[in-house]
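Our numbering numbers the first residue of the sequence shown as 4 and each following residue consecutively. Idealized CB from N, CA, C, for every residue including glycine. A short write-up of the structure that comes next.
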Amino acid sequence: MKIDLNGLPAKPVTRFAPSPTGRLHLGHVANAVWTWGIAAARGGRVILRIEDHDRGRSRKQFEASVVEDLAWLGLEAEPRSISSLLTETTSEFRQSDNEARYAAALDRLGAASSLYHCGCSRRTIAEAAGPAASGAERRYPGTCRTRNLPAGPGRGTRVVLPDETVSFEDLRHGPVTQYPARQCGDLLVRDGVGNWTYQYCVVVDDQAHGVDLVVRGDDLLASTGRQIMLGTMLGRRQPPRFLHHPLIMAPTGQKLSKRDGAPGLDDLRRAGLSPGEVLGMAAKATGLLDRDRPLAPDRLGELFG
Numbered sequence: 004m005k006i007d008l009n010g011l012p013a014k015p016v017t018r019f020a021p022s023p024t025g026r027l028h029l030g031h032v033a034n035a036v037w038t039w040g041i042a043a044a045r046g047g048r049v050i051l052r053i054e055d056h057d058r059g060r061s062r063k064q065f066e067a068s069v070v071e072d073l074a075w076l077g078l079e080a081e082p083r084s085i086s087s088l089l090t091e092t093t094s095e096f097r098q099s100d101n102e103a104r105y106a107a108a109l110d111r112l113g114a115a116s117s118l119y120h121c122g123c124s125r126r127t128i129a130e131a132a133g134p135a136a137s138g139a140e141r142r143y144p145g146t147c148r149t150r151n152l153p154a155g156p157g158r159g160t161r162v163v164l165p166d167e168t169v170s171f172e173d174l175r176h177g178p179v180t181q182y183p184a185r186q187c188g189d190l191l192v193r194d195g196v197g198n199w200t201y202q203y204c205v206v207v208d209d210q211a212h213g214v215d216l217v218v219r220g221d222d223l224l225a226s227t228g229r230q231i232m233l234g235t236m237l238g239r240r241q242p243p244r245f246l247h248h249p250l251i252m253a254p255t256g257q258k259l260s261k262r263d264g265a266p267g268l269d270d271l272r273r274a275g276l277s278p279g280e281v282l283g284m285a286a287k288a289t290g291l292l293d294r295d296r297p298l299a300p301d302r303l304g305e306l307f308g
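Laid out in structure tokens, this is it:
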């Protein structure tokens, strides 16, 4: 597989951003191979971001295991001493420590667009939207847009997206055009229990951290247009470049997932695999190698050279 990186800026800033809701597994390693490999090929750097916006499911022990697993794989990220994430009281790179950042961005967003409170549950949205086609995203129909609901328990916050298309060049897929308002409707930025949402946090964080390259799996391709649009609404002049890589699929045909019991890196270690073998497995499973062979972490850039 040949990926054209000529359009990337020199020394790009990218990120590896797991959610600490379980152990890292081979799917995460695949994303790490692509992320560190492309960064190395272009002389860039990788930020480790702990995306614990879902406070109900995030656990400190899984945050610690992320640091442990990256060290075992031989992958270095910023902050340079990533173990500091576990010892410092707060961190620039842990979402739960940056409430003020998201609140300030919401104020900016409210000044530039329409925000409103929403009392709809997932069930009521599904009922209003009707049956979805297989794999299709349910669009929020704007039920609460004109209800003028006050803030309160069980009430989320949504932003009205412009009724227009977004076009971008994916480094693997090529030209892509999306219509976020028709895909997802008014975007939820904070849910009914007070959690900032994934779609919102990553846009705010990428802008704050100077991320100009996002490397992630194909399952998030559909989110790109709305995130570019949201970044523009928040004052970002130039969006990041995006590359969406192949996923590792489970025997069920679904994306490899912690929820479905995908073996963690700790399981692979106990089975006797070396870090190089695990990196090589992930590279082969996503089309970067044509056969199984160990990969040293400092040679990942050669996959994209």
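The distance from the Cβ of LYS258 to that of GLY30 is about 7 Å, consistent with a contact at the 8 Å cut-off.
With contacts defined by Cβ atoms closer than 9 Å, ARG244 and LEU73 do not form a contacting pair. In the same chain as LEU112, and ignoring 5 residues on each side of it, the C-beta atoms closer than 7 Å to its own belong to LEU118, VAL162, MET236, LEU237, in chain order.
For VAL162, the uninterrupted beta strand (DSSP E) run begins and ends at 159-162, by DSSP. In this structure, DSSP gives LYS14 a state outside helix and strand, which the three-state scheme calls coil. With a cutoff of 9 Å on beta-carbon distance, LEU51 and PRO15 are scored as not near each other.
ALA13 sits exposed, since fewer than 16 C-beta atoms from the chains shown fall within 10 Å of its C-beta. For the pair PHE65 and PRO266, the Cα-to-Cα distance works out to about 14 Å. LEU190 sits in a strand when the DSSP states are folded into three classes. If one requires a minimum length of 4 residues, the alpha helix (DSSP H) runs lying completely within the segment 224-284 are 227-236, 268-273, in chain order.
The beta carbon of ILE231 is closer than 7 Å to those of VAL169, PHE171, PRO242 in its chain, skipping five residues each way along the sequence. A Cβ-Cβ contact shorter than 9 Å links VAL196 with GLY59. Judged by beta-carbon spacing, ARG158 lies beyond the 9 Å limit of GLY213, meaning their Cβ atoms are not closer than that value.
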